[in-house]
Amino acid sequence: ETGVTQTPRHLVMGMTNKKSLKCEQHLGHNAMYWYKQSAKKPLELMFVYSLEERVENNSVPSRFSPECPNSSHLFLHLHTLQPEDSALYLCASSQDLQLAGGEEQFFGPGTRLTVL
Amino acid sequence: TQLLEQSPQFLSIQEGENLTVYCNSSSVFSSLQWYRQEPGEGPVLLVTVVTGGEVKKLKRLTFQFGDARKDSSLHITAAQPGDTGLYLCAGGTEDSNYQLIWGAGTKLIIKP
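Written out as structure tokens, the structure reads:
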């Protein structure tokens, strides 16, 4: 595997379910991100990790819980979600936290989440 | 609230035509990136511009950063069906090393 991988690619869950999204990067990067992508809206940054420490939690509801066990893996644990949480969830990584200077982010293919 | 207004939101044209996509803001950016996202995939970086007035070319794609570093444009010459996708712009600011300002995207369809 190369680049950034995400599993599952598609997920349908009820509002009372608990599920987890997984992201793995094979690039040796130090920073990892979770984004939410909804149609016709800008990407929403949810969480940022640098060297396995959470740097940012952008006022995300507690029904989303991130976990970064090591610099290559990132999880997003989901529980009691709402229908408006249906979206494409993208994981990304970058070498370091230098996005302001134009550092490249590498994105996974995303998990298409549908909450019934 | 910092915003990056992207236009048009949707564009469908015939193969061989030219087009321009715009990103505009009232904020000054330290860098401006353009990404392309194809269906079922994540965004992929096309270009980064960091200097006001900078112009970069990538085959038939020309990217320009405004002199004041508040806006950018993407021009495609002789569009091909392979150019079809969602084009996203994202600006970096001195306020944060990890929070980019994203445009809402331009969905581009090139018909053969």
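Protein chains in written order, with our numbering: chain X, 368 to 483; chain R, 150 to 261. Glycine included, every Cβ here is placed at the ideal spot set by N, Cα and C. Note that the structure is predicted; figures quoted are calculated from it, not measured.
Looking at the backbone, the Cα of P157(R) and that of F431(X) are separated by about 33 Å. Counting along the chain, M380(X) sits inside the beta strand (DSSP E) bounded by residues H377 to M380. D463(X) is bridged by DSSP to nothing; it lacks a bridge partner. Annotation: the continuous beta strand (DSSP E) that includes F414(X) extends over E411 to S417. Excluding its 5 nearest sequence neighbours in each direction, S222(R) has C-beta neighbours in its own chain below 6 Å: T169, Y171 and Q213, listed in chain order. Counting C-beta atoms within 10 angstroms of its own C-beta, H396(X) has 16 or more neighbours from the protein chains shown and is therefore classed as buried. In the three-state scheme derived from DSSP, where H, G and I count as helix and E and B as strand, G241(R) is classed as strand.
Using a Cβ-Cβ cut-off of 8 Å, V422(X) counts as an interface residue toward chain R, since at least one Cβ of chain R sits closer than that to its own. Put simply, the backbone Cα of S426(X) is about 23 Å away from that of L483(X).
Counted as a single uninterrupted DSSP element, the beta strand (DSSP E) harbouring H446(X) occupies residues H440 to H446. Taking S405(X) as reference, the option from T374(X), A459(X) and D452(X) with the minimal CA-CA separation is D452(X). Secondary structure of P436(X) (DSSP, three-state): strand.
At least one CB atom of chain R sits nearer than 8 Å to the CB of G475(X).
Residues of the region 405-432 of chain X whose Cβ lies closer than 7 Å to any Cβ of chain R, in chain order: K407, K408, P409, L410, L412, V415, V422 and E423.
Taking the CA atoms as reference points, Q392(X) sits about 9 Å from C458(X). Taking 9 Å as the upper bound on Cβ-Cβ separation, chain X lies near residues V193, L194, T197, V198 and V199 of the region 193-227 of chain R.
Taking a Cβ-Cβ threshold of 9 Å, the residues of chain R close to E471(X) are Q182, L194 and T197, in chain order. Contact between the region 405-416 of chain X and the region 378-385 of chain X is not established, with fewer than three Cβ pairs separated by less than 8 Å.
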